[in-house]
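Colleague:
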Amino acid sequence: MKYLDEYRDAGTAKKLADAIARITTRSWTIMEVCGGQTHTIVKYGIDEILPKEIELVHGPGCPVCVTAMEMIDRAHAIASRPDVIFCSFGDMLRVPGSHGDLLEVKSNGGDVRIVYSPLDAVNIAAANPTKKVVFFAIGFETTAPPNAMAVWLAHKRKLSNFSVLVSHVLVPPSMTAILQSPGNRVQGFLGPGHVCTVMGYTEYEPIARRYKVPIVITGFEPVDMLEGVFCTVRQLEAGQATVENQYSRAVNREGNSHSKKLIEDVFEICDRKWRGVGIISKSGYKLRYEYRDHDAERLFEVEDIETNESSECISGQVLRGLKKPHDCPAFGTRCTPQTPLGATMVSAEGACAAYYAYGRHLESRNRPAVAPSRQPLVQIETKRRETTTVGSTP
Amino acid sequence: MCLGIPGKVIKTYTEHDVLMGKVDFGGVIKQVCLEHVPQVRIGQYVLVHVGFALSCIDESEAQMVFDFLEKMDQLDELKVPSPATAGAEGGSA
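This is how it looks when you write it as structure tokens:
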């Protein structure tokens with residue numbers, strides 16, 4: 284496919300890996316912010332073809348992972364009601380709350396439906412006027428325009444039976460929280476490319492200046508990621524700390540003005556609790572007062588939510604780049620994608636789940652955080668197939 | 007979650023006053039909301055997330071990484087002596 288295949292080319296990737304090796308003289312720790320980028324890194328073994336001086340740590344950018352357990356429990360309570368059709372993206376259905384997941388609600392008779400787009404949920408509301416249709420509106424800034432469009436459209440079409448359970452999170456406050464946390468190791472960021480298609484990257488410029496970290500807005504394919512690392516290392520080696528745009532085929536500095544306006548019309552900024560991290564000030568969106576009649580949190584009162592997180596889980600430290608999945612004694616044994624203990628194992632884009640899916644739980648738990656040997660880059664495609672097979676072994 | 011897939015716009019239309027389109031993802035055709043890329047033309051590529059086009063793909067920018075690598079190759083060629091030259095140098099040592 285155009286704009287995908289050429290960015291997965293092993294020859295191009297090798298040239299970039301060689302270029303990174305040529306300019307690297309010291310150790311650097313770089314965080315990729317987005318869960319999709321974490322998935323690409325582990326899937327293609329990008330961290331293993333970089334020079335040993337470069338360590339990639341994995342950030343908090345998986346909205347499925349960081350949705351607070353209270354919100355999952357609230358979703359379950361609403362979805363269990365007989366008068367509700369509960370719509371969600373597929374990857375939220377397996378996320379365990381205090382009393383099971385949404386698939387269990389469905390198997391117990393709840394009308395839980397997977398939708399491809401929030402706009403599909405609006406059409407379900409139009410087709411089922413006697414039911415209350417609730418959409419689980421999670422995501423980062425990337426998903427805010429489609430979710431805002433669903434609310435705006437339902438309001439315009441006077442679909443009073445449509446509401447959204449909002450659990451939106453924002454990237455810049457989470458990056459600031461990481462940089463301010465004691466023991467922070469992150470020296471540079473691969474910025475979230477798709478978030479920036481919407482928001483642009485002006486919000487990241489003061490972060491780069493204040494904390495003296497390079498931030499390179501980066502795409503999601505292997506060639507994108509390697510070029511993002513190259514640009515970050517080039518800045519680090521030169522002592523620079525600016526925002527650079529690797530993903531210029533999709534991102535411009537100002538973002539999408541239409542999307543930003545709709546987000547501004549429908550949502551307002553609020554404090555938000557992140558699973559594994561806690562409350563981060565001004566790190567989420569909630570519906571504006573004008574759209575209160577579409578606010579599921581207001582329409583369905585759910586009382587007495589008491590959550591119980593595992594005390595063993597280190598996902599909070601993984602999400603801040605302080606630890607790797609291998610550092611957890613439960614990883615791959617007591618904690619697996621089938622029986623996740625915490626945030627980073629609950630979705631395919633969480634760092635622990637990605638490591639597990641590509642067979643890294645089978646590697647020595649004593650391996651150092653940085654891979655000791657480099658894989659021949661030309662085997663990038665072969666490696667992907669092999670590890671997928673390994674990952675599917677019980 | 008923040009998955010974005012490039013696809014080619016093959017048709018545009020309006021539904022409930024919202025600009026929509028049919029987009030081709032390597033042979034799979036999907037309905038996509040194009041309201042936030044109103045400048046899009048048939049045949050252009052858009053980046054689609056959960057049935058919603060977030061941006062148009064800029065063809066000239068898409069080529070930049072490959073141009074950069076080509077320039078780097080050319081620089082490397084200038085630095086590495088050709089076998090004939092290397093042989094001559096070796097002979098004179």
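Those sequence lines, one after another, are chains B and R. With our numbering, you'll find the first sequence wraps up at 677, consecutive numbering, no jumps. With our numbering, you'll find the second sequence wraps up at 99, consecutive numbering, no jumps. For glycine and all other residues, C-beta sits at the position ideal for the given N, C-alpha and C. These figures come from a predicted structure and were not determined experimentally.
What does DSSP give as the partner residue(s) for Arg-555 of chain B in the beta ladder?
Modeller: The residue labelled residue 555 of chain B in the question sits at position 272 within the first sequence. In DSSP, Arg-555 of chain B forms a bridge with B:Ile-563.
Colleague: For a cutoff of 8 Å on Cβ pairs, would you count Gly-10 of chain R as touching chain B?
Modeller: Position 4 of the second sequence, counted from the start, is the residue given in the question as residue 10 of chain R. Interface residue, yes.
Colleague: Which residues in chain R have a C-beta closer than 8 Å to the C-beta of Asn-411 of chain B? List them in chain order.
Modeller: As a first step, residue 411 of chain B is located in the first sequence; it is residue number 128 there, counting from the start. Under the 8 Å cutoff, chain R gives no residues; its nearest Cβ is about 17 Å from Asn-411 of chain B.
Colleague: Secondary structure at Phe-583 of chain B, three-state DSSP: helix, strand or coil?
Modeller: Looking up residue 583 of chain B in the first sequence gives position 300. Phe-583 of chain B falls in the coil class under three-state DSSP.
Colleague: The beta strand (DSSP E) with Arg-517 of chain B in it runs from where to where?
Modeller: Translated into the one-based positions of the first sequence, residue 517 of chain B becomes position 234. Element bounds for Arg-517 of chain B: not the beta strand (DSSP E) but the alpha helix (DSSP H), 505 to 521.
Colleague: Would you kindly report the start and end of the unbroken beta strand (DSSP E) that includes Pro-343 of chain B?
Modeller: For the purposes of this step, residue 343 of chain B is taken as the residue at position 60 of the first sequence. 337 to 344 is the span of the beta strand (DSSP E), which, as asked, contains Pro-343 of chain B.
Colleague: Output, in sequence order along the chain, the residues in the stretch 326 to 353 of chain B whose CB is closer than 8 Å to any CB in chain R.
Modeller: Those would be Gly-344, Cys-345, Pro-346, Val-347, in chain order.
Colleague: Out of curiosity, what's the CA-to-CA distance linking Gly-483 of chain B and Glu-424 of chain B?
Modeller: Counting from 1 along the first sequence, the entry for residue 483 of chain B is found at position 200. Counting from 1 along the first sequence, the entry for residue 424 of chain B is found at position 141. Whole-angstrom Cα-Cα distance: 10 Å.
Colleague: Using a Cβ cut-off of 8 Å, which residues of the stretch 47 to 64 of chain R contact any Cβ in chain B, in chain order?
Modeller: Here the close residues are Tyr-51, Leu-53, His-55, Val-56, Gly-57, Phe-58, Leu-60, Ser-61, Ile-63, Asp-64.
Colleague: Please decide whether Val-24 of chain R counts as near chain B, where near means a Cβ-Cβ distance under 8 Å.
Modeller: Indexing the second sequence from 1 puts residue 24 of chain R at position 18. True, the Cβ-Cβ gap to chain B drops below 8 Å.
Colleague: Contact criterion: CB-CB distance below 8 Å. Does Val-15 of chain R meet it with respect to chain A?
Modeller: Included in the structure are the protein chains B and R, with no chain A among them.
Colleague: Would Asn-539 of chain B count as contacting chain R if we go by Cβ distances under 8 Å?
Modeller: Residue mapping note: residue 539 of chain B aligns to position 256 of the first sequence, counting from 1. It does: the Cβ of Asn-539 of chain B has a partner Cβ on chain R nearer than 8 Å.
Colleague: Give the secondary structure of Met-314 of chain B by DSSP, where H, G and I count as helix, E and B as strand, and everything else as coil.
Modeller: Stepping through the first sequence from its first residue, residue 314 of chain B is reached at position 31. Three-state DSSP puts Met-314 of chain B in a strand.
Colleague: Less than 8 Å between CB atoms is the rule here; does Leu-660 of chain B satisfy it with respect to chain R?
Modeller: Numbered from 1 along the first sequence, position 377 holds the residue referred to as residue 660 of chain B. Here the model assigns Leu-660 of chain B a pLDDT of 38, short of 50, so the residue's position is not dependable, and the following value carries that caveat. No, no contact with chain R.
Colleague: Tell me whether Asp-384 of chain B sits in a helix, a strand or coil according to DSSP, three-state version.
Modeller: Taking the first residue of the first sequence as 1, we reach residue 384 of chain B at position 101. Three-state DSSP puts Asp-384 of chain B in coil, outside helix and strand.
Colleague: Beta-carbon of Val-29 of chain R versus every beta-carbon of chain B: anything under 8 Å?
Modeller: Residue mapping note: residue 29 of chain R aligns to position 23 of the second sequence, counting from 1. No, Val-29 of chain R does not count as interfacial toward chain B.
Colleague: Assign Thr-590 of chain B to one of two classes, buried (16 or more other C-beta atoms within 10 Å of its C-beta) or exposed (fewer than that).
Modeller: Stepping through the first sequence from its first residue, residue 590 of chain B is reached at position 307. Under this definition Thr-590 of chain B is an exposed residue.
Colleague: Could you give the distance in angstroms between the alpha-carbon of Tyr-568 of chain B and the alpha-carbon of Phe-550 of chain B?
Modeller: Counting from 1 along the first sequence, the entry for residue 568 of chain B is found at position 285. Counting from 1 along the first sequence, the entry for residue 550 of chain B is found at position 267. Computed Cα separation, rounded: 6 Å.
Colleague: How would you label Leu-376 of chain B, buried or exposed, when you count the other beta carbons within 10 angstroms and need 16 or more for buried?
Modeller: As a first step, residue 376 of chain B is located in the first sequence; it is residue number 93 there, counting from the start. Result: buried.
Colleague: Give the DSSP-derived three-state secondary structure of His-42 of chain R in the structure shown.
Modeller: As a first step, residue 42 of chain R must be located in the second sequence, where it is residue number 36. Here His-42 of chain R sits in coil by DSSP.
Colleague: Let's see if you can read the secondary structure: which residues bound the beta strand (DSSP E) around Asn-528 of chain B?
Modeller: For the purposes of this step, residue 528 of chain B is taken as the residue at position 245 of the first sequence. From DSSP, the beta strand (DSSP E) with Asn-528 of chain B extends over 526 to 528.
Colleague: List the residues of chain R whose Cβ lies closer than 7 Å to the Cβ of Ser-598 of chain B, in chain order.
Modeller: As a working mapping, residue 598 of chain B is identified with position 315 in the first sequence. Simply none; closest approach about 16 Å.
Colleague: Can you tell me whether Ala-613 of chain B is buried or exposed? The criterion is at least 16 other CB atoms within 10 Å of its CB, across all chains shown.
Modeller: Stepping through the first sequence from its first residue, residue 613 of chain B is reached at position 330. Under this definition Ala-613 of chain B is a buried residue.
Colleague: With H, G and I counted as helix, E and B as strand and the rest as coil, what does DSSP make of Leu-75 of chain R?
Modeller: By one-based count along the second sequence, residue 75 of chain R stands at place 69. Reduced to three states, the DSSP call for Leu-75 of chain R is helix.
Colleague: Kindly indicate which three-state DSSP category Ile-546 of chain B falls into: helix, strand or coil?
Modeller: Taking the first residue of the first sequence as 1, we reach residue 546 of chain B at position 263. Reduced to three states, the DSSP call for Ile-546 of chain B is helix.
Colleague: Under 8 Å between the Cβ atoms of Gln-50 of chain R and Val-15 of chain R?
Modeller: The count along the second sequence starts at 1 and reaches residue 50 of chain R at position 44. The count along the second sequence starts at 1 and reaches residue 15 of chain R at position 9. Cβ atoms of Gln-50 of chain R and Val-15 of chain R: closer than 8 Å.
Colleague: Kindly say whether Pro-428 of chain B, judged by its beta-carbon, lies nearer than 8 Å to any beta-carbon of chain R.
Modeller: Counted from its first residue, the first sequence places residue 428 of chain B at position 145. Pro-428 of chain B counts as touching chain R.
Colleague: Buried or exposed: Ile-562 of chain B, going by 16 or more other Cβ atoms within 10 Å of its Cβ?
Modeller: On the first sequence, position 279 is the one that residue 562 of chain B refers to. The residue is exposed, with fewer than 16 neighbouring Cβ atoms inside 10 Å.
Colleague: Report yes if the CB atom of Leu-448 of chain B is closer than 8 Å to the CB atom of Ala-420 of chain B, and no otherwise.
Modeller: As a working note, residue 448 of chain B is residue 165 in the first sequence. As a working note, residue 420 of chain B is residue 137 in the first sequence. Cβ atoms of Leu-448 of chain B and Ala-420 of chain B: closer than 8 Å.
Colleague: Taking Cβ-Cβ distances below 8 Å as the criterion, which residues of the stretch 369 to 403 of chain B are in contact with chain R?
Modeller: Those residues of the stretch 369 to 403 of chain B that come within reach of chain R (Cβ to Cβ, closer than 8 Å) are Phe-372, Asp-374, Tyr-399, Ser-400, Pro-401, Leu-402, Asp-403.
Colleague: Counting contacts by CB-CB distance shorter than 8 Å, is Leu-81 of chain R in contact with chain B?
Modeller: Position 75 of the second sequence holds residue 81 of chain R. For Leu-81 of chain R, the answer is no, since every Cβ of chain B falls outside 8 Å of its Cβ.
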